[in-house]
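S.K.: For the sequence shown, the UniProt record's numbering begins at 1 and goes up steadily by one. Built from N, CA and C at the ideal position, the CB exists for glycine as well.
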Amino acid sequence: MHQKSLTELRVALDTKQVSVLELTQYFLRRIEAERELNAFIDVNPQLTLDSAYAAEQRLMRGDRTPLLGLPIAHKDVFVTRGWKSSAGSRMLANYISPFDATVVERLAAKGMVTLGKTNMDEFAMGSSNENSFFGPVRNPWDRNAVPGGSSGGSATAVAAALAPIATGTDTGGSIRQPASMTGITGIKPTYGCVSRYGIIAFASSLDQGGLMARSAEDCALVLNAISGFDSRDSTSAQRDVEDYTYSLGKAWQTDTLSDYPLSGLRIGLPREYFGAGLSSDVRTAINTALQQYETLGAILIEVSLPKTELAIPVYYVIASAEASSNMSRFDGVRYGYRAPQYRDLLEMYKKTRSDGFGAEVKRRILVGTYVLSHGYYDEYYLQAQKIRHIIAQDFQNVFRQCDMIMGPVSPVVAWNLGEKVNDPLQMYLADIYTLSTSLAGLPGMSIPCGFSTGVYASRPVGLQIIGNYFNEAKMLQVADAFQRVTTWHRKTPGGV
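#1: Assuming Ser151 contacts Ile175 (C-beta within less than 8 Å), just tell me the rounded distance between them.
#2: Measuring straight from C-alpha to C-alpha, what distance separates Asp431 and Leu70?
#3: With hydrogens ignored, establish whether the beta-carbon of Thr65 is closer than 6 Å to any heavy atom of the ligand SAH.
#4: Please list, in chain order, all residues of the same chain as Glu242 whose beta carbon is under 7 Å from its beta carbon, the five residues on each side excluded.
#5: Return the chain-ordered ranges of every alpha helix (DSSP H) run that is complete within the segment 348-427 and spans a minimum of 4 residues.
#6: Candidates Asp403, Gly168, Arg400 and Ala323: which alpha carbon is nearest Tyr370's?
#7: Since Ser51 contacts Val113 with CB under 8 Å, what's their CB separation in whole angstroms?
#8: Measuring CB to CB, does Leu68 end up less than 7 Å from Thr156?
#9: Among residues of its own chain, excluding the 5 on either side of Asp255, which ones have a beta-carbon nearer than 7 Å to its beta-carbon?
#10: So Ser128 packs on Val146, CB below 8 Å; how close in whole Å?
#11: When DSSP labels each residue in this structure, what does Gln464 get in the three-state scheme?
#12: I'd like to check one pair, Ser304 with Met212: are the Cβ atoms closer than 7 Å?
#13: Which two residues bound the contiguous beta strand (DSSP E) that contains Met445?
#14: In the DSSP assignment, find the alpha helix (DSSP H) that holds residue 529 and state where it starts and stops.
#15: Measure the alpha-carbon distance for Arg400 versus Gly467 and round it to whole angstroms.
#16: Given a cut-off of 7 Å on the beta-carbon distance, is the pair Pro140 and Ala159 in contact?
#17: Three Cβ pairs or more, each shorter than 8 Å: is that satisfied between the segment 322-342 and the segment 363-383?
#18: Are Thr169 and Ala124 close, meaning C-beta to C-beta below 7 Å?
#19: Going along the chain, which residues of its own chain have a beta-carbon closer than 7 Å to the beta-carbon of Lys188, five neighbours each way excluded?
#20: By Cβ distance, which residues of its chain are closer than 6 Å to Asp233, with the 5 residues on each side in sequence left out?
#21: Quick one: what's got a C-beta closer than 6 Å to Trp83's C-beta in the same chain, skipping five residues either side?
#22: Which residues does DSSP pair with His74 in a beta bridge?
#23: What is the DSSP secondary structure of Leu206, reduced to helix, strand or coil?
#24: Does the segment 409-423 come close enough to the segment 267-281 that 3 or more CB-CB pairs lie under 8 Å?
#25: Tell me whether Asp121 is buried or exposed, calling it buried when 16 or more other Cβ atoms sit within 10 Å of its Cβ.
#26: Of all the options Phe40, Ala55 and Arg35, which has the alpha carbon lying nearest to the alpha carbon of Arg10?
#27: In chain order, what residues of the same chain have a beta carbon less than 7 Å from the beta carbon of Ser227, not counting five sequence neighbours either side?
#28: Okay, do the segment 263-275 and the segment 305-319 touch, 3+ Cβ pairs below 8 Å being the bar?
#29: Is Ala440 helix, strand or coil by DSSP?
#30: Is it the case that the Cβ atoms of Gly462 and Ser180 are separated by a distance below 7 Å?
#31: Within 10 Å of its beta-carbon, does Lys75 have 16 or more other beta-carbons around it, so buried, or fewer, so exposed?
#32: Could you give the C-beta distance for Tyr95 and Gly441, rounded to a whole number, given that I count them as a contact under 8 Å?
#33: Please say whether Ala225 and Leu107 have beta carbons closer to each other than 7 Å?
#34: Over what stretch of residues does the beta strand (DSSP E) that includes Ala166 continue unbroken?
#35: Where Ile391 and Phe27 are concerned, what is the direct C-alpha to C-alpha distance, given to the nearest angstrom?
#36: Identify the continuous beta strand (DSSP E) that holds Leu269 and give its terminal residues.
Okay, structure coming up:
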């Protein structure tokens, strides 16, 4: 049952091959059996089974909502009523949310059953999921490897078939990078496509909710439910809701042969994504995937994104500045962790923040406070915002030449636990191909396309697909076309 897609699980429920309660209990048993992976922070069987029972009653009354009764896991950055909502931090380790994030609320209304809250880098700050207060998540393909971050818990849950789909957030690559490193499909929608209301903020102008599943088809099905305008989110885009499943499996153009469903599709390959720093095994897998796209009728075009190398410094200036501002609310006064002993208010602030935040969060707060300070704001923060605008314009120049952009998600496959934990710069470099997309607010995906053959043999490789603003439907169609003629997305870790 755990190998089935959401569409297949829907059929199983509708034809009474399995009940919602049986399906829910099945996945809860799998989660319990794989506790070593540390994919979940909070599992509450009673809450989950109550939700499953309510969905079962709706089914018995004849409700045929597409997502009704299907299980899902939520990244612990989405506040969820009655559940721990910790953002992977000691600061919120025991916080129980009194309300639901919009994404959680919309999926609950559709009848999806929450299996639990998944582990993550603290406040979504990290690229390996080793920064969590609750310990590192393990990659099911190799339990000595990281799963990528910050949505590593959600990625591992899907890759290990502990949940068929999970929510995630992507600030600088935190859906795409772990999806690549665990061999699953992940989508980061356009900034503003999915409401940020109820997402515990890291960098407000970059954070965006999205999904992680085995296939583009499953992502499209659930994206239908979570996208759309939300008046509670001032950055939410006011536009008509699309049916992202409508074009899946259809020819790119109605007058083309079915053998060439992507005939005429122009794929841009940024030369900056294929230069020095890209490992040979990742390059080989990406090139093989691009050749497959050519057989589907696509045309490959070399393009240039000249400011790619500036994405890392620009991102870490802007994201750290916004993190410094967002983290200021965690002071031990209103909610969350408070130091047990202190002599006065100032000491309470110092001890609470020193004890409550992990090393990576404190590092980014320090950087962010520095670049926002008097005398450095113009020199660093404003300059970074100017370059951010140039990066976004570079993408628009490229989209005049092509329909989609493709390339690697990460220059390397998943590394070993502890390998880069003392070298933050090397960790940051792993996001070189994903940061500029986030800075521009564009949608992006990772789809599995092969495995490494080097030192870290048999670890997954992901192909990145980048679309223009609000072009998720076309992007999902392009990903789905690849997955209809390949089996990379169906491969699972040994024993799963």
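M.R.: For this structure:
#1: Here residue 151 is taken as the residue at index 151 of the sequence shown, counted from 1. Here residue 175 is taken as the residue at index 175 of the sequence shown, counted from 1. The Cβ separation is near 5 Å, so the contact holds.
#2: On the sequence shown, position 431 is the one that residue 431 refers to. On the sequence shown, position 70 is the one that residue 70 refers to. Between Asp431 and Leu70, the alpha-carbon positions lie close to 32 Å from each other.
#3: With respect to small molecules bound, the structure shown includes none, and the ligand SAH cannot be examined in it.
#4: Stepping through the sequence shown from its first residue, residue 242 is reached at position 242. Once the five neighbours on either side are set aside, the close Cβ partners of Glu242 are Ala473.
#5: Listed in chain order, the complete alpha helix (DSSP H) runs (minimum 4 residues) inside the segment 348-427 are 359-372 and 383-399.
#6: For this step, residue 370 is matched to residue 370 along the sequence shown. Selected option, being the one with the closest Cα: Ala323.
#7: Indexing the sequence shown from 1 puts residue 51 at position 51. Indexing the sequence shown from 1 puts residue 113 at position 113. Yes, Ser51 and Val113 are in contact; Cβ-Cβ is about 5 Å, under 8 Å.
#8: On the sequence shown, position 68 is the one that residue 68 refers to. On the sequence shown, position 156 is the one that residue 156 refers to. In this structure, Thr156 does not lie closer than 7 Å to Leu68 by Cβ.
#9: The residue given as residue 255 occupies position 255 in the sequence shown. Only weak support exists for where Asp255 lies, its pLDDT of 49 falling under 50; the value from the coordinates is given anyway. Sequence-distant Cβ neighbours of Asp255 in its own chain, meaning closer than 7 Å and more than five residues away, do not exist here.
#10: Here residue 128 is taken as the residue at index 128 of the sequence shown, counted from 1. Here residue 146 is taken as the residue at index 146 of the sequence shown, counted from 1. The pair is a contact, with the Cβ atoms about 4 Å apart (cut-off 8 Å).
#11: Here residue 464 is taken as the residue at index 464 of the sequence shown, counted from 1. Residue state, collapsed to three classes: strand.
#12: Taking the first residue of the sequence shown as position 1, residue 212 is located at position 212. Taking the first residue of the sequence shown as position 1, residue 304 is located at position 304. With contacts defined by Cβ atoms closer than 7 Å, Met212 and Ser304 do not form a contacting pair.
#13: In the sequence shown, counting from the first residue as 1, residue 445 sits at position 445. Following the DSSP letters along the chain, one finds Met445 inside the beta strand (DSSP E) bounded by residues Gly444 to Phe451.
#14: Nothing can be reported for residue 529: it is not among the residues displayed for the chain, which extend from 1 to 496.
#15: Indexing the sequence shown from 1 puts residue 400 at position 400. Indexing the sequence shown from 1 puts residue 467 at position 467. Here the alpha carbons of Gly467 and Arg400 stand approximately 12 Å from one another.
#16: Here the question's residue 140 lines up with position 140 in the sequence shown. Here the question's residue 159 lines up with position 159 in the sequence shown. Cβ distance < 7 Å, so Pro140 and Ala159 count as in contact.
#17: By the Cβ rule, the segment 322-342 counts as touching the segment 363-383, because three or more pairs are nearer than 8 Å.
#18: If you number the sequence shown from 1, residue 169 lands on position 169. If you number the sequence shown from 1, residue 124 lands on position 124. Going by C-beta atoms, Thr169 is nearer than 7 Å to Ala124.
#19: Here residue 188 refers to the residue found at position 188 when the sequence shown is read from its first residue. The beta carbon of Lys188 lies closer than 7 Å to those of Asp170, Ile175, Arg176, Gln208, Gly210, Pro443 and Gly444 in the same chain, with the five residues before and after it left out.
#20: On the sequence shown, position 233 is the one that residue 233 refers to. Closer than 6 Å at Cβ, skipping near neighbours: Ser195, Arg196 and Tyr197.
#21: Taking the first residue of the sequence shown as 1, we reach residue 83 at position 83. Contacts found: Asp42 and Lys117.
#22: Numbered from 1 along the sequence shown, position 74 holds the residue referred to as residue 74. According to DSSP, His74 bridges with Lys117.
#23: Your numbering for residue 206 matches position 206 in the sequence shown. The answer is coil: DSSP assigns Leu206 none of H, G, I, E or B.
#24: As far as the Cβ criterion goes, the segment 267-281 touches the segment 409-423, which means the pair count is three or higher.
#25: Numbered from 1 along the sequence shown, position 121 holds the residue referred to as residue 121. Its Cβ being crowded by 16 or more others within 10 Å, Asp121 is buried.
#26: Here residue 10 corresponds to residue number 10 of the sequence shown, with the count starting at 1. The candidate whose alpha carbon is nearest that of Arg10 is Ala55.
#27: Here residue 227 corresponds to residue number 227 of the sequence shown, with the count starting at 1. Within the same chain, Ser227 has close Cβ partners Pro189, Cys193, Val194 and Val241.
#28: In this structure the segment 263-275 lies against the segment 305-319, because at least three pairs of beta carbons, one per stretch, are closer than 8 Å.
#29: Locating residue 440 in the sequence shown gives position 440, counting from the first residue. Reduced to three states, the DSSP call for Ala440 is helix.
#30: In the sequence shown, the residue the question calls residue 462 occupies position 462. In the sequence shown, the residue the question calls residue 180 occupies position 180. Less than 7 Å separates the beta-carbon of Gly462 from that of Ser180.
#31: By 1-based counting over the sequence shown, the position of residue 75 is 75. It is buried - the Cβ of Lys75 has at least 16 other Cβ atoms within 10 Å.
#32: Position 95 of the sequence shown, counted from the first residue, corresponds to residue 95. Position 441 of the sequence shown, counted from the first residue, corresponds to residue 441. The C-beta distance from Tyr95 to Gly441 rounds to 29 Å, too long to meet the 8 Å contact threshold.
#33: The residue you call residue 107 lines up with position 107 of the sequence shown. The residue you call residue 225 lines up with position 225 of the sequence shown. Yes; because the gap between Cβ atoms is below 7 Å, this pair is in contact.
#34: Working through the sequence shown from its first residue, we reach residue 166 at position 166. Residues Ile165 to Thr169.
#35: What you label residue 391 is simply residue 391 of the sequence shown in a count that begins at 1. What you label residue 27 is simply residue 27 of the sequence shown in a count that begins at 1. A straight line joining the alpha-carbon of Ile391 with that of Phe27 spans about 43 Å.
#36: The residue you call residue 269 lines up with position 269 of the sequence shown. Secondary structure note for Leu269: its beta strand (DSSP E) is the uninterrupted segment Arg266 to Pro270.
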